[in-house]
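For the sequence shown, my numbering puts the final residue at 140, and the numbers step up evenly by one.
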Amino acid sequence: MMAALRPQGFDLKTEEDHNRFHILMLAIVKVTRYVENWDKGGHEDSTLDLSVYAAMLHAIDAEINAPNVDF
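Here you go:
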């Protein structure tokens, strides 16, 4: 699934790269679990967890993209 999402792969160099990749993998697991339970109406725990992982990715991205201010 990761190869389909990003055929060029992931070049993990920094701590943030590794953190983002790990959380992204956890989110993919939750999506997969939800899809596996499609005919049963989904998987509530997975949708809740997915929202948390999305918020975590957002927070990491915001930190990475924040302007560096030297005082």
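Cβ atoms here follow ideal geometry from the backbone N, Cα and C, with glycine treated the same way.
Query	Result
Under a three-way DSSP split, which group does D86 fall into?	helix
Taking only three categories from DSSP, how would you classify R75?	coil
Can you tell me the Cα-Cα spacing of K82 and N137, whole angstroms?	20 angstroms
Which whole-angstrom value describes the C-beta separation of A96 and A123, a residue pair presumed to lie in contact below a C-beta threshold of 8 angstroms?	7 angstroms
Going by the beta-carbon positions, is the gap between L126 and R102 smaller than 8 angstroms?	no
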